[in-house]
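With our numbering applied, the sequence shown covers 1 to 229. Just so it is clear, CB atoms sit at the ideal spot from N, CA and C, and this is done for glycine as well. Here's the structure we're looking at; comments come further down.
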Amino acid sequence: MNEQALIRKQQQKTNLSFTLEQWLLLSSCFSCLLLAIRMAATGTFTYIFLPWNLFLAFIPYFFSGKITKSVSTFHQKILFGFTFLAWLVFVPNCFYIITDLFHLKHFTAAPEWFDLLLIFSFAWNGIILGILSLRRVEVVVEKISKKKLTILLVFGVMLLNAFGIYIGRFLRFNSWDIITDPFTLLIEIMNLLTHPFQNSTAWAMIVCYAIFMTFLYYTIRKMSEIFIK
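Structure below.
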């Protein structure tokens, strides 16, 4: 074994060689710990919804792992299609937690800096889960299509995310309403699509969020490529 190999082996022993999933779990546990501290210190259950929102962000990450599996038989192709659709439905939950920052102005039982850290930590975990799951899907698309199509895929997904954030935050729908209340949800979506000028504020928010999240995705992706090099 040469000297470089020995150095590499020693670094592996001394580094925190957690897997990506372990880091995500640790980060999520830290967010939940912050929430537990807040509840114990204030005696209130404010922000108790954050762990649930984060759980919803893990669902598309799970589905994206299934999407990357090989598809050869007809049964596998059908399963792939349903999995991809399920991923599309749930992936907006990853970025939705960003809007929980709106709650900062409503609750003052804890110091503002603490609540900011609390919400941002949950939002950060959701964003990372969303970016990782999108990257998994993008890798699959890259294998079967041209690069331009993958760019359209990324922006299309981010536009869908922003659309989902809007109908979730302001129209108060969630992913489960596709099953429990599909007709009301469809009516609201059609209203947004068929009356864009009457809903100009909504579309301004959707487009701005989509552009921001697209920049965020490609920036973090490029950073990871640089680190690998």
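{"Item": "Write down the C-beta distance between Phe30 and Ser121 rounded to the nearest angstrom, noting that I regard them as a contact closer than 8 Å.", "Value": "7 Å"}
{"Item": "Pull up the distance between the alpha-carbon of Cys94 and that of Phe58, whole angstroms please.", "Value": "8 Å"}
{"Item": "Candidates Ala202, Phe212, Glu225: which alpha carbon is nearest Val98's?", "Value": "Correcting the residue type first, residue 98 is Ile in the shown sequence and not Val. Per the Cα distances, Phe212."}
{"Item": "With a 10 Å radius around its C-beta and 16 neighbouring C-beta atoms as the bar for buried, classify Arg172 as buried or exposed.", "Value": "exposed"}
{"Item": "Report the CB separation of Ser64 from Val137 in whole angstroms; it is logged as a contact under 8 Å.", "Value": "6 Å"}
{"Item": "Between the C-alpha atoms of Leu50 and Ala41, what's the straight-line distance to the nearest angstrom?", "Value": "17 Å"}
{"Item": "Less than 9 Å separating the beta-carbons of Pro60 and Gly130?", "Value": "yes"}
{"Item": "Between the region 198 to 208 and the region 110 to 129, do at least 3 Cβ pairs fall closer than 8 Å?", "Value": "no"}
{"Item": "Which residues in the same chain as Ser27 place their Cβ atom closer than 6 Å to its Cβ, once the five residues preceding and following it in sequence are excluded?", "Value": "Asn125"}
{"Item": "Starting from the C-beta of Val141, find all residues in its chain whose C-beta is less than 7 Å away, skip the five residues before and the five after it, and write them out in chain order.", "Value": "Leu149, Thr150, Leu153"}
{"Item": "Quick one: is Gln10 buried, meaning 16 or more other Cβ sit within 10 Å of its Cβ, or exposed?", "Value": "In this prediction, Gln10 scores a pLDDT of 46, lower than 50, which makes its location untrustworthy; no coordinate-derived value is stated."}
{"Item": "Are Ile167 and Leu192 touching if we call contact CB-CB under 9 Å?", "Value": "yes"}
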